[in-house]
Structure formats: structure tokens, C-alpha cells
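**Q**
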Amino acid sequence: MTADGSEAGVRIYPVGLFLGGRRVVVVGGGPVAERRVRGLLVAGADVLVVSSSVTDGLRELIECGRVSWTQRRYAAGDLATAWYAVAATPSAVVNAAISAEADQRRIFCVRADDATKASAWTLAAGTYGDLTVAVSGGRDPRRATGVRDAIVAALTDGTIPDRPYREPPS
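In the numbering used here, the protein residues as written are 1 to 170.
1) Drop a sphere of 10 angstroms on the beta-carbon of E34, count the other beta-carbons inside from all chains shown, and report buried for 16 or more, exposed for fewer.
2) With a CB to CB cut of under 6 Å and the five nearest residues on each side skipped, what residues in its chain are close to A85?
3) Taking Cβ to Cβ, would you say A88 is nearer than 8 Å to D114?
4) Within 10 Å of its beta-carbon, does S53 have 16 or more other beta-carbons around it, so buried, or fewer, so exposed?
5) Determine the DSSP secondary structure at T156, reduced to helix, strand or coil.
6) When you compare the CB positions of V67 and L58, do they come within less than 8 Å of one another, or not?
7) First and last residue of the beta strand (DSSP E) that includes L131?
8) Starting from the C-beta of R163, find all residues in its chain whose C-beta is less than 8 Å away, skip the five residues before and the five after it, and write them out in chain order.
9) Relative to the alpha-carbon of T159, which residue among A150, V135 and T116 has its alpha-carbon at the smallest distance?
10) List the DSSP bridge partners of Y84.
11) Here's a check: name, in chain order, each residue in its chain whose Cβ is nearer than 7 Å to the Cβ of A82, leaving out the five neighbours to either side.
12) Where does G126 sit, in a helix, a strand or coil, going by DSSP?
13) Using CA atoms only, rank isn't needed, just tell me which of R148, Y165, G138 and L41 is closest to Y13.
14) Which of the three DSSP states is assigned to V49 in this structure?
15) Could you give the DSSP three-state label for S170: helix, strand or coil?
16) How about A124 and A96: do their beta carbons lie closer than 8 Å?
17) Could you tell me whether the Cβ atoms of L19 and L40 are closer together than 8 Å?
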């Protein structure tokens, strides 16, 4: 085991998830939860927020029907219908309980407070046309964001060529 709790030599497996129409439970109603919810909505997820309070931005999404809201604190069983979960509360104890329930139910879970204790991470993602660029910086999200931004900028200014290698299906 390494200092961060992972097995020596084990790396993440980068993958794209199709979450369209699938339930994603986000526990927490603060700014981090709001950022995650907005990204999940772009991916077409059916988002349920569990939190006693939410940001104004989340409240707008709830009021227009884009997001469901269970207005209370997290309780065991909240992940019963989830395909994916996000623990974004200010409490490490609550986030650990969410992560433990997710593990028990075999649901991948992102922890906003401590990626070393999560089964999934949100990569720094950006788009250029129909391309999606996603970068992991290990335990350094700012590094990942910088690399992502550099790649998208290089695509935009033509430093990295963007040419199709095969014809789209007809």
C-alpha cells in the first residue's frame, strides 16, 4: 500500500460513463455539489440531490424540474436507486458513510473531500467541438485543470490537429 491508501503500481482506469436517464444521487447542496450536478445534467443524468439546504443555483434547477430534491440530511438507503453517487457534504464522517453504502451496493462514488477514499474521481474535462478531453492529475486537481486547459487551447489554435480518422456512421 502507498501513503494514499492505494495499492502500489495501481492506477485509475479512465472510462466514459453513459449516464443518460440513469439515477445519480448527489448528497450535499453546496457549491461543489452544484458544479457536479451541472456536469451530470449535461451528461443527461437523472439527478437526485439529498441535502437539507441547497445553493440558489441548485434551487433554480430544482424549481424548473431539472433536478429532484430530497430536503433532509443523508440517511442509509438513499443510494438504493443510484447508478453513481457523489458525496459532497462538508462532513468527512457523512461522506465516509455515503462511500461505505456505495461500496456495499457496488455503486461508484466520488468523494469531494478525499479522493483517496473514493471509488471514482471526477476528471478535469473540457470540450472542443465533439471531442471531450479528460485529465487526471493524480492527487493534484489544479494540475489536471491546467493540462486540460492547455490541451483545449492547443486544439483551438491548431497546435494539436483535429482531423477525423474515419467517416461518421451513416
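C-beta atoms are modelled at their ideal positions from N, C-alpha and C, and glycine is treated no differently. Because the structure is a prediction, the values reported are computed rather than measured.
**A** This is what the structure holds:
1) Buried, because 16 or more other Cβ atoms sit within 10 Å of the Cβ of E34.
2) Around A85: V25, L79, A102, I107 and C109.
3) Contact flag unset, no.
4) S53 should be labelled exposed.
5) The answer is helix: DSSP assigns T156 an H, G or I state.
6) L58 is positioned such that its CB atom lies closer than 8 Å to that of V67.
7) Counting along the chain, the unbroken beta strand (DSSP E) around L131 starts and ends at L131 to V135.
8) Cβ neighbours of R163 within its own chain (closer than 8 Å, five residues either side excluded): none.
9) Checking every option, the nearest Cα to that of T159 belongs to A150.
10) BP columns for Y84 point to V24 and F108.
11) In the same chain as A82, and ignoring 5 residues on each side of it, the C-beta atoms closer than 7 Å to its own belong to R23, V24, V25 and I107, in chain order.
12) Three-state DSSP puts G126 in a strand.
13) Of the candidates R148, Y165, G138 and L41, G138 places its Cα closest to the Cα of Y13.
14) Here DSSP, grouped into helix, strand and coil, assigns V49 to strand.
15) When DSSP states are grouped into helix, strand and coil, S170 belongs to the coil group.
16) Going by C-beta atoms, A124 is not nearer than 8 Å to A96.
17) Taking 8 Å as the Cβ cut-off, L19 and L40 qualify as a contacting pair.
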